[in-house]
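Below: one structure, written as structure tokens.
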Ligand SMILES: Cc1cc2nc3c(=O)[nH]c(=O)nc-3n(C[C@H](O)[C@H](O)[C@H](O)COP(=O)(O)OP(=O)(O)OC[C@H]3O[C@@H](n4cnc5c(N)ncnc54)[C@H](O)[C@@H]3O)c2cc1C
Ligand code: SF4
Ligand code: FES
């Protein structure tokens, strides 16, 4: 017997983006439910430290915020999304304050803001060094207050979409999820819409600031359902992570005046001319490459990392504003930040790309939305500014929640799917065929399924047989080996520095991983809390997502934002002011492009050289 | 040499009465797995790396040879800076992929991996192996139902957290869309520690009173209520908050044993907060009586 739960709006994921979407849908009068593989307070939004950008104060305004964001994006943001972010962020931040979020305060009792890299005004609103934790808990509190249904530790494995040949004609009617506690597979039917808010994909890399749960599930599920993934090659590496774990040392340390030194005690950001104006506050990609260059040229400590020093700020200031940094350095690296400099190196941090949406979070599949880190609206383009992800969660979370609940937000300016000026990529020199190995992943098996109820039921059936297949196999390859192989090749070849031959090697290795995955097996025979099964399914997502990143990285023959190519050392605006899209195409991926939207409310954003 | 010493020795398992093909497959798989595990573990321990011995609690209500709780031994190669969580992940990925524990952030913020390590409640990700005596004994949080291996049922903990109306409810918001409520730095400082709770459940698991009185709100929930009761932005609701807290299973149950304060990975002065709420409740009562 198949259980089908039914709600107006199903939100997949309960981090900052998902919680905000559920609250918004609820306020719009819809019956909203959250389906999440972790209990909401376990979501990785809780790890965000630095703050939320919002133009709240005199001397600042949304246009400046939009301008900084567009510049930071290396002109690959879409103006309607960028401007939406900047316009709505202030009211969303004040909304959090009204929900009781414990922001840090000024003498006059107003919320504090601080400077952050790439910002022309100190507009990063923060709550100590644990902004994300407070944001997550504050919104979860509001979910409890409203009695919104939460299915926690339910792992969503598939979207229930119709199987029209053209993805833009497909409709999403719900999802299929696996109850981790009991092994039950159930359908969740959404009469209004499904909002994907599954967060990051850091597990594609070995050294990452992301949680173990950040496996790009939403991206992979949407991708296989036919939704384009946009600008996947743009991966942000954070310049200051602890070498042994990948735990992040917030940019706030540099915002407050922290200094980077190489092994020779040189302040390399200035002394080697990486960013003679902004120094340590240059954008993340610039600082990450500078650090790796120092290490590659033999000026790293133990050939692995550099130092971040904050001792000169003084104990009072450090304890007041950066206290949790002290704890992190102590607990995860055994270093006392008051007494010694902290070792740091770049680590995977954020995915700028994701599921293609318009500025309301809607995808080209009717009834399917995506928000937060798994989505690409696109706000961050080639590079995200610090403090711009958290406002994205609440701005687009709220918009998509309302939209899915039936609110009329007007026509979107950003087109989705293969609409407008589409340019096909057919000249890409691929070392191996990407995509499905067996073809068993078509959207839904057998004939057109159009009636909403049967779409969900068909999807549940498909997932049942997939799980059955995985559980049946008696031996074979462990998912952890396959995942480690993908992480290794991505870390070696599709990292801060990228070369054509390396990217091709990554594609070959990913191909091999796919082939090995055909023999993957779940050793744990239990239906109770089978994390072996959950992770095995996640690993499939990691493979699909890694491949799209590598494909985008190979295709983009220029250096823009976080995407650096050895053979192509400049930004090529004539050719590359466009987004990369990869579509699954039922197992034989396609690559294509659409121009970025630079036309904003106040005219066109003129691409300028990004110099710091 | 076996890594599968069972302690305490388990009794012979009765075969289940009805056995489906699926059950048989699972049982068969489990046997093969045990053999593989042993082979791999032997291979790992024959090298002369420095290893740490982990004794890990195992239980699965559904799997034949795990229905009787037992401890499994895992020899994990030691590396500098290795945490209990790192060691568990290593053991799972190398020896036994059915080893089950919650974890996510690896940085003491998601609150998933509070475990009972060498006899006290700790976050596995925040506990350095070098700070522990070997062998390292890893068990699920006491006083909670075990779902499987190191995973406990958190529902009751969540129910208690939800019981204190854990959400801001001021009716007194400033006029104007972009006007924030004012809060003094002192007041923000006052609630600061209480807002750091990550819902890990370590405190409640360590509390004798909570173990004996299932309805006792417990330190985490009371601390959550403290966070709102003391927030000056919600002053209009203080009395309502105190009324929830002074009920039969509220603050007065606490006997100031400090075990919660000792285990809290976020250094929240829980006992102090509970004491302060008792004083507030008394003050309030004085007004009426
Ligand atoms: C260490 C760190 C520090 C950061 N600091 C900042 C900062 O200071 N400022 C800033 O603006 N940004 C910061 N960021 C970025 C920002 O925090 C993240 O991009 C953002 O929190 C992601 O939120 P989210 O809601 O999209 O995803 P998450 O918070 O990761 O939530 C994802 C949710 O999806 C659920 N989920 C995932 N897959 C499934 C599935 N298959 N089925 C069901 N549920 C699923 C999970 O359970 C979870 O609830 C930081 C990021 C990191 C890692
Ligand atoms: S108060 Fe401390 S020990 Fe208790 S749940 Fe919160 S963080 Fe964990
Ligand atoms: S893994 Fe998140 S608290 Fe330990």
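Residue numbers (my numbering), protein chains in the order written: chain A, 1 to 612; chain E, 1 to 289. Just so it is clear, CB atoms sit at the ideal spot from N, CA and C, and this is done for glycine as well.
Element boundaries [alpha helix (DSSP H), containing residue i]
i: residue 268 of chain A; result: 268-271
i: residue 93 of chain E; result: 84-94
i: residue 580 of chain A; result: Per DSSP, residue 580 of chain A belongs to no alpha helix (DSSP H); it is in the beta strand (DSSP E), 578-583.
i: residue 129 of chain A; result: Element bounds for residue 129 of chain A: n/a, residue is neither H nor E.
i: residue 539 of chain A; result: 531-555
i: residue 67 of chain A; result: 62-72
Range covered by the beta strand (DSSP E) that runs through residue i
i: residue 152 of chain A; result: 149-152
i: residue 120 of chain E; result: 120-123
i: residue 238 of chain A; result: 235-241
i: residue 24 of chain A; result: That residue, residue 24 of chain A, is in no beta strand (DSSP E); its alpha helix (DSSP H) goes 16-27.
i: residue 55 of chain E; result: 51-58
i: residue 8 of chain A; result: 4-12
i: residue 137 of chain E; result: 136-139
i: residue 595 of chain A; result: 590-595
i: residue 116 of chain E; result: 114-117
i: residue 261 of chain A; result: 259-261
According to DSSP, residues forming a beta bridge with residue i
i: residue 53 of chain A; result: A:124
i: residue 177 of chain A; result: A:156, A:186
i: residue 342 of chain A; result: A:308
i: residue 291 of chain E; result: No information on residue 291 of chain E is available, as it lies outside the stretch 1 to 289 that chain E covers here.
i: residue 376 of chain A; result: A:356
i: residue 172 of chain A; result: A:161
i: residue 291 of chain E; result: The shown model of chain E, from 1 to 289, leaves out residue 291 of chain E, and the question about it has no answer.
Neighbour list for residue i in chain E, Cβ cutoff strictly below 9 Å
i: residue 245 of chain A; result: 81, 83, 86, 106, 107, 125
i: residue 291 of chain A; result: Residues of chain E passing the Cβ test: none, with the nearest at roughly 20 Å.
Chain A residues whose Cβ lies nearer than 8 Å to that of residue i
i: residue 283 of chain E; result: Within chain A, no residue comes near residue 283 of chain E; the closest Cβ sits about 23 Å away, beyond 8 Å.
i: residue 177 of chain E; result: 91, 94
i: residue 61 of chain E; result: 528
i: residue 173 of chain E; result: 98
i: residue 261 of chain E; result: Those do not exist, as residue 261 of chain E stays about 17 Å from chain A at its closest Cβ, beyond 8 Å.
i: residue 233 of chain E; result: 100
C-alpha gap between residue i and residue j, whole angstroms
i: residue 582 of chain A; j: residue 142 of chain E; result: 49 Å
i: residue 12 of chain E; j: residue 356 of chain A; result: Model confidence at residue 12 of chain E stands at a pLDDT of 38, short of 50, so the residue's coordinates are unreliable and nothing is read from them.
i: residue 164 of chain A; j: residue 11 of chain A; result: 24 Å
i: residue 192 of chain E; j: residue 102 of chain E; result: 27 Å
i: residue 20 of chain A; j: residue 65 of chain E; result: 44 Å
i: residue 260 of chain A; j: residue 249 of chain A; result: 13 Å
i: residue 585 of chain A; j: residue 458 of chain A; result: 20 Å
i: residue 439 of chain A; j: residue 553 of chain A; result: With a pLDDT of 47 at residue 439 of chain A, under the threshold of 50, the modelled position of that residue is not reliable, and the figure given next carries that caveat. Answer to the nearest angstrom: the Cα atoms are 25 Å apart.
i: residue 238 of chain E; j: residue 224 of chain E; result: 13 Å
i: residue 70 of chain E; j: residue 87 of chain E; result: 19 Å
i: residue 85 of chain A; j: residue 77 of chain A; result: 11 Å
i: residue 219 of chain E; j: residue 99 of chain A; result: 23 Å
i: residue 405 of chain A; j: residue 152 of chain A; result: 22 Å
i: residue 443 of chain A; j: residue 567 of chain A; result: For residue 443 of chain A, the predicted structure reports a pLDDT of 45, less than 50, and the residue's modelled location is therefore unreliable. The matter cannot be settled from this model.
i: residue 289 of chain E; j: residue 280 of chain E; result: Because the pLDDT at residue 289 of chain E is just 39, under 50, the model does not fix this residue reliably, and the value given afterwards should be weighed accordingly. About 14 Å.
i: residue 67 of chain E; j: residue 140 of chain A; result: 36 Å
i: residue 619 of chain A; j: residue 389 of chain A; result: Residue 619 of chain A is absent from the model: chain A starts at 1 and stops at 612.
i: residue 318 of chain A; j: residue 378 of chain A; result: 35 Å
i: residue 420 of chain A; j: residue 371 of chain A; result: 23 Å
i: residue 323 of chain A; j: residue 129 of chain A; result: 7 Å
Chain-ordered chain E contacts of residue i [CB-CB under 8 Å]
i: residue 275 of chain A; result: Those within 8 Å of residue 275 of chain A in chain E number zero; the least Cβ separation is about 28 Å.
i: residue 614 of chain A; result: For chain A, the structure presents residues 1 to 612; residue 614 of chain A sits outside this window and is missing.
Contact set between residue i and chain A, taken where Cβ atoms lie within less than 9 Å
i: residue 76 of chain E; result: Going along chain A, no residue has its Cβ under 9 Å from residue 76 of chain E, so there is no contact; the nearest lies around 15 Å.
i: residue 247 of chain E; result: Those do not exist, as residue 247 of chain E stays about 19 Å from chain A at its closest Cβ, beyond 9 Å.
Listed by chain order, chain E residues near residue i by CB distance under 7 Å
i: residue 99 of chain A; result: 168
i: residue 332 of chain A; result: 107
i: residue 42 of chain A; result: 104, 110, 111, 112
i: residue 531 of chain A; result: 100
i: residue 212 of chain A; result: 103, 104, 106
Contact set between residue i and chain A, taken where Cβ atoms lie within less than 7 Å
i: residue 229 of chain E; result: Per Cβ cutoff of 7 Å: no residues; residue 229 of chain E is ~12 Å from chain A at best.
i: residue 195 of chain E; result: 102, 134
i: residue 183 of chain E; result: 105, 109
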